[in-house]
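Have a look at the structure below before the remarks.
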Amino acid sequence: MKSTVSEEALELGQAVGEAIDAAGGVDLAREFERNPAARGKRVDDLLGPLGIWEIEPREDQVQLEAAAEACRAAGGRLLMYPIAERLARPVGKDAILLVPTTGRRVAVHADIDLDWAAATLRGDSAQLTHRGPLIGEKLAKFVAEIDAEIDEGVPQENAELVIALQSWWLLGVLERALADTVVYVNEREQFGRPIIKFQATQFRLSDVTVAVQGLAELAKYTLWSIAQGDRATGLVDAVALRVSAVQAADTVLRAGHQLHGAMGFADETNISQYSRHSQGYRRLPEGETRGQLILAELIAENGWASLFPIAAGAAQRDAAAVRV
């Protein structure tokens with residue numbers, strides 16, 4: 021496993037972050053919430069000059085890492101735009117969309133006018149037959165109705181790539197949510213002293229820090245796995261990363277809301293923005309329970325090495341039991 025990220029990738033991530041910060045940072049999410057139709061041109065003008073859409077993640081590991089760091093930086097600023105989907109585009113397409121296999125057919129950012137490919141979390145190809153306008157609900161501001169026909173058993177070669185890059189975007193969100201929470205608990209006082217001094221707060225932050233750091237290591241492992249070129253293995257690792265990202269998000273954002281107190285639910289705070297606008301990627305194309313089931317099915321079919329051998333062995337036994 022390659023446990024470090026190249027300097028080129030880190031530099032691109034920094035450039036993406038600086039460009040978004042200069043344009044307003046997290047406030048861009050608030051701007052796009054008021055005017056979702058503006059985000060396509062706005063982001064192209066913002067990131068296009070960096071050459072980000074010229075990255076070819078399948079070409080080599082450096083470009084794969086650059087794509088991941090760009091998504092991480094975008095997530096850290098809550099950039100509500102399909103950056104992962106565009107960077108993971110298959111040949112001949114502008115972007116790739118992950119579509120649900122059950123329930124209501126909706127997808128994040130499907131309203132943006134791009135030539136979309138489509139795939140499921142299981143890695144099957146899908147054909148988009150209709151893309152509707154944004155739903156516009158409080159927790160689904162950037163989610164649109166779709167219709168899709170799934171080609172079961174027909175693999176979509178870039179499915180594992182978009183799954184992994186979306187998880188890197190979520191990693192960026194969680195890292196920033198943790199950083200903001202640390203700042204807040206150092207500033208907020210109770211009984212005459214900062215709440216960071218309370219043992220309960222320290223224990224809570226320890227749990228959150230472990231969740232974020234563990235996800236970061238797993239994210240790097242998944243990039244290495246995808247770079248090896250074995251699609252079946254890469255898909256299992258990408259779905260495992262997604263399941264871990266969704267679980268970590270619950271830990272991090274729940275703690276962030278609790279430690280911010282009542283104001284953590286006010287949209288004026290960034291923690292509320294992180295929580296609300298990450299809902300799309302946390303619940304779509306499949307929720308946590310459905311994602312775990314798909315992971316178990318993939319492990320039963322393809323095996324699983326994993327960054328954590330003991331956990332992988334237990335998961336394989338559980339997956340075999342599910343299959344029976």
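Position in the sequence shown counted from 1, then plus 20, gives you the numbering used here. Glycine is no exception: its CB is placed at the ideal position from the N, C-alpha and C atoms. These figures come from a predicted structure and were not determined experimentally.
Secondary structure at Arg54: helix, using DSSP grouped into helix, strand and coil.
Looking at the backbone, the Cα of Arg106 and that of Leu313 are separated by about 27 Å.
Of all alpha-carbon atoms in Gly311, Asp270, Ala258, the one lying nearest the alpha-carbon of Ile291 is that of Asp270.
Residue pairing by DSSP places Leu66 in no beta bridge whatsoever.
For Ile40, the enclosing alpha helix (DSSP H) stretches over residues 27-42. By the CB criterion at 8 Å, Val163 and Tyr101 fall outside the cutoff. Spanning the alpha carbons of Gly45 and Ala39 requires a straight line of approximately 9 Å. Contact check for Leu255 and Gly143: beta-carbon distance about 5 Å, within the 8 Å limit, so the pair qualifies.
Under the three-state reduction of DSSP output, Trp324 falls in the coil class, being neither helix nor strand.
With 16 or more other CB atoms across the displayed protein chains lying within 10 angstroms of its CB, Trp324 is buried.
Counting along the chain, the unbroken beta strand (DSSP E) around Ser145 starts and ends at 144-154. Across the set Arg125, Phe223, Glu85, Val126, the C-alpha of Glu85 shows the shortest separation from the C-alpha of Ser26.
The three-state reading of DSSP puts Gly173 in strand, counting E and B together.
Fewer than three beta-carbon pairs drawn from the stretch 84-99 and the stretch 125-135 are found closer than 8 Å, and the two stretches are therefore not classed as touching. DSSP, read as helix, strand or coil, puts Leu98 in coil. With respect to the C-alpha of Leu99, the residue from Gly71, Gly234, Ala49, Thr289 having the closest C-alpha is Ala49. By the C-beta criterion, the stretch 217-234 is judged not to be in contact with the stretch 244-253, since fewer than 3 inter-stretch pairs fall below 8 Å. DSSP places Ile75 in the coil class of the three-state scheme, outside both helix and strand. If you draw a straight line from the Cα of Arg302 to the Cα of Val266, it is about 6 Å long. Excluding sequence positions up to five before and after Ser264, its CB lies within less than 7 Å of the CB of Leu235, Leu238, all in the same chain and listed in chain order.
The residues Leu134, Asp135, in chain order, have a CB closer than 6 Å to that of Asp114 in the same chain once the five nearest residues on each side in sequence are set aside. Assignment of beta-bridge partners to Asp167 by DSSP yields His150. For the 8 Å CB-CB criterion, Ala108 and Pro77 form a contact. If one requires a minimum length of 4 residues, the alpha helix (DSSP H) runs lying completely within the stretch 96-130 are 103-107, in chain order. Sequence-distant partners of Trp73 (beyond 5 residues in either direction) whose C-beta falls short of 7 Å from its own C-beta, in its chain, are Arg106.
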